[in-house]
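Residue numbers for the sequence shown follow full-length UniProt numbering, so the first one is 1 and each next one is one higher.
Since the structure comes first, as structure tokens, the remarks are kept for the end.
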Amino acid sequence: MSSFINRLTRHFASRNTLGVTGEGGGSATMLPENTEKATVAAGCFWGVEHIYRKHFKGKGLIDARVGYTGGDKKSPQYAAVCGGGTGHAEALQIIFDPTQVSYRTLIEFFYKIHDPTTLNRQGADAGTQYRSAIFYNSDEQKRIAEDVTAMANEHWWRGKIKTAIIQAADWWDAEKYHQRYLEQNPGGYECPTHHVRTFSLPEGYPADTQKQATETKKEEPTPTAPAAAAPDTEAT
């Protein structure tokens, strides 16, 4: 409860300081050409956005916006979401260039920057709004998310991952003062679980890439020596 009151107090203080409106909104903007969208939740969205922007700046991240998803209320507002009454998760929506960074890489990073083993909690932040979740936007994203989760569960988090992998639903941009919050408020609240862990990818991972490479190699035609020329039997 103390964490909730602390964050709610920061919320109103930030709103007055920045002088911006408190209106959120559904995000129905068309994706820029040749980009894709990734949607994740990993606790307080201020820190999640900040760490993704810092790590992937100039490396394929086109934009990142914090917002609310996974709930059953329309046009959710921060105070209601923070109280856990709307069913939404604080989440991050990443627009990225897949020619520079893959969806797989973004999801691997997701498992390095928070604790996915605590149900509905990150550090002192407790409640369903702080749950760990991957909201996939396509069947291919679902397949990759499940593969990365299996790897991270076995090799990084000792079989304790509680992250939900579910289909993306309505997205609502958070209020303007939440966007790039820690850039606007360098001393603002940041969950201590949000830091990059030094996990290494296991040998032979990802299996589908290894399999594809093997199959491609098998399909390559075996070079053959040129046929020897027939002996010249014409009489001279």
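We put the beta carbon where it would ideally sit given N, CA and C, even for glycine.
Since this is a predicted model, take the numbers as computed values, not measurements.
Sorting 98, 188 and 120 by C-alpha distance to the C-alpha of residue 88 places 120 at the top. Between the alpha carbons of residue 81 and residue 102 lies a gap of roughly 31 angstroms. Counting only runs of 3+ residues, the beta strand (DSSP E) found wholly inside the stretch 104–182 occupies 132–136, 164–167 and 171–173, in chain order.
Judged by DSSP in its simplified three-state form, residue 197 adopts coil rather than helix or strand. When the beta-carbon positions are compared, residue 91 and residue 41 come within less than 7 angstroms of each other. Between residue 36 and the set 137, 185 and 160, the nearest pair of CA atoms involves 137. Linking residue 131 to residue 192 through their CA atoms gives a straight-line distance of about 15 angstroms. Residues 64, 66 and 92 of the same chain have their beta carbon placed closer than 6 angstroms to that of residue 49, with the five preceding and five following residues left out of the count. Per the coordinates, the alpha-carbon of residue 160 lies some 5 angstroms from the alpha-carbon of residue 117.
Taken in chain order, the whole alpha helix (DSSP H) runs of length 4 or more contained in the stretch 31–105 are 45–56 and 78–82. The Cβ-Cβ distance between residue 148 and residue 190 does not fall below 7 angstroms.
Around residue 127, the same chain offers 84 and 120 as residues with beta carbons nearer than 7 angstroms, after the five sequence neighbours per side are excluded. The Cβ-Cβ distance between residue 134 and residue 165 falls below 7 angstroms. Around the Cβ of residue 86, a 10 Å sphere holds 16 or more other Cβ atoms; the residue is buried.
Relative to residue 206, the option among 123, 168, 105 and 162 whose CA is nearest is 105.
CA-CA distance, residue 77 to residue 34, rounds to 32 angstroms.
Separation of residue 57 and residue 129 (C-alpha to C-alpha, rounded to the nearest whole angstrom) is 27 angstroms.
With respect to the C-alpha of residue 68, the residue from 59, 124 and 170 having the closest C-alpha is 170.
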